[in-house]
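Only one structure is covered here, and it is reproduced in the block below.
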Amino acid sequence: MSRLVFGWLTSLMAGLPLRVGYFLARVLTELHFRAFPARRHAALTNLAAAMPRATRRERLRVVRSMMYSYNCMLFEFFRLPHLTREDLLDSIEVVGREHLERAAARGRGVILASTHIGNWELGAVMLAHWGYTIFAVAGVQISRWLTPAVRETKSELAIHTVAPEDGFRRLLRALEHNDFVALMVDGDVYRHGTSVEMFGRETPFPAGPGVLAQRTGALIICGYCERLEPGRFRIVLEPPLDPETFASTDALHTAVATTVERHIREHLGQWCIFRPLWEGMPSEHEAPAGAARSLEA
Numbered sequence: 005m006s007r008l009v010f011g012w013l014t015s016l017m018a019g020l021p022l023r024v025g026y027f028l029a030r031v032l033t034e035l036h037f038r039a040f041p042a043r044r045h046a047a048l049t050n051l052a053a054a055m056p057r058a059t060r061r062e063r064l065r066v067v068r069s070m071m072y073s074y075n076c077m078l079f080e081f082f083r084l085p086h087l088t089r090e091d092l093l094d095s096i097e098v099v100g101r102e103h104l105e106r107a108a109a110r111g112r113g114v115i116l117a118s119t120h121i122g123n124w125e126l127g128a129v130m131l132a133h134w135g136y137t138i139f140a141v142a143g144v145q146i147s148r149w150l151t152p153a154v155r156e157t158k159s160e161l162a163i164h165t166v167a168p169e170d171g172f173r174r175l176l177r178a179l180e181h182n183d184f185v186a187l188m189v190d191g192d193v194y195r196h197g198t199s200v201e202m203f204g205r206e207t208p209f210p211a212g213p214g215v216l217a218q219r220t221g222a223l224i225i226c227g228y229c230e231r232l233e234p235g236r237f238r239i240v241l242e243p244p245l246d247p248e249t250f251a252s253t254d255a256l257h258t259a260v261a262t263t264v265e266r267h268i269r270e271h272l273g274q275w276c277i278f279r280p281l282w283e284g285m286p287s288e289h290e291a292p293a294g295a296a297r298s299l300e301a
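To convert, take the position in the sequence shown, counting from 1, and add 4; that gives the working numbering.
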């Protein structure tokens, strides 16, 4: 049933003209903002750290931009199965592809560290169209009910979903076969994680990037996929981080965190995280403590 509903949604979204889809995303932003106070609260709480000198009104404006960006991402995501290769390639410009190709040429796999900026799903699909096989760590996607259909659709595009509880073994095998491992490093609770400093605060961070890189020698490439305008995107891939040049896994994690913090600061309006990253932050008088934890970004 979930597969049928997912197929219906993708057909519906693909049939909408772009301007209509983005218009609906804009119109529904205020509904998103008003109807989901826990999401609003979590975003405001995170922005209190990311924008400490901003006024509440300024932060609220950014939260609306976040929610509009998320609505756009959903519209774009449901269109993906119906896009032709030519449509996809024509809509995206890429900065730093040479870093990816050199890292893959080493034969040790590549670790991609990204954040929920713009359309992170589109970035993975683009890499799959270049001929790479990707293993992406992800939990609930869109909703628990639709997650099986979403994962099945991704597997058809050579994007294999690995659940967080599956551990490192499958990821290590992927790197041994010179495949790509994609890790989202923001906005989740990691059972076996570490902590880094981001936005001047101790921040939960996945142990995966550094541990996998140190064990396999795979390079880490930080990147994101930003929305330039409706229907137009830019993928940015940073120069790789070589685990051999870092004294410890902690030092490598610090380098990754510093890079992705810069990405987030430069794209706050497209940063689609709706769960609190830090405990003990000001409440912003929006929702009771812990109310946002049950929501998936």
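Note that CB positions come from ideal geometry on N, CA and C, so glycine has one too.
What are the residues that DSSP puts in a beta bridge with residue i?
i      : result
Phe209 : Thr198
Ile225 : Leu116
Leu281 : BP columns for Leu281 are empty, so no partner.
Gly19  : Gly19 is not bridged to any residue.
Val189 : According to DSSP, Val189 bridges with nothing at all.
Ala140 : Thr165, Ala186
Glu230 : Arg238
Trp275 : Ile121
Less than 9 Å between the C-beta atoms of residue i and residue j, yes or no?
i      : j      : result
Phe237 : Leu126 : yes
Val185 : Ala178 : yes
Ala167 : Ala142 : yes
Thr220 : Leu256 : no
Leu281 : Thr165 : no
Met130 : Cys276 : no
Alpha carbon to alpha carbon, how far is residue j from residue i? Give it in angstroms, no decimals.
i      : j      : result
Ala18  : Ile225 : 32 Å
His120 : Leu187 : 11 Å
Pro21  : Pro85  : 16 Å
Gly25  : Leu16  : 10 Å
Pro41  : His181 : 45 Å
Ser199 : Ser118 : 17 Å
Gly197 : Val66  : 29 Å
Leu13  : Pro56  : 39 Å
Ala1   : Glu248 : A question about residue 1 goes unanswered here, because the residues of the chain that appear run from 5 up to 301.
Ile163 : Ala54  : 32 Å
Glu169 : Ala52  : 31 Å
Thr137 : Ala108 : 11 Å
Arg38  : His271 : 23 Å
Tyr74  : Asp246 : 33 Å
Arg106 : Ser252 : 24 Å
If residue i sits next to residue j, beta carbons under 8 Å apart, how far is it from one beta carbon to the other, in whole angstroms?
i      : j      : result
Phe203 : Arg43  : Not quite, the Cβ-Cβ distance comes to about 19 Å (not below 8 Å), so this is no contact.
Ser69  : Gly235 : Going by Cβ atoms, the distance from Ser69 to Gly235 rounds to 18 Å, so no, they are not a contact pair.
Met71  : His36  : 4 Å
Asn123 : Glu80  : 5 Å
When you compare the CB of residue i with every CB in chain D, is at least one pair closer than 9 Å?
i      : result
Thr258 : Looking for chain D here will not work: only one protein chain is present.
Touching by the beta-carbon criterion (3+ pairs, under 8 Å), the segment 40-56 and the segment 110-120 | no
The segment 249-260 / the segment 210-218 touching (three or more Cβ pairs under 8 Å) | yes
Taking one C-beta from the segment 235-251 and one from the segment 78-98 each time, how about it: are there three or more such pairs within less than 8 Å?
-> yes
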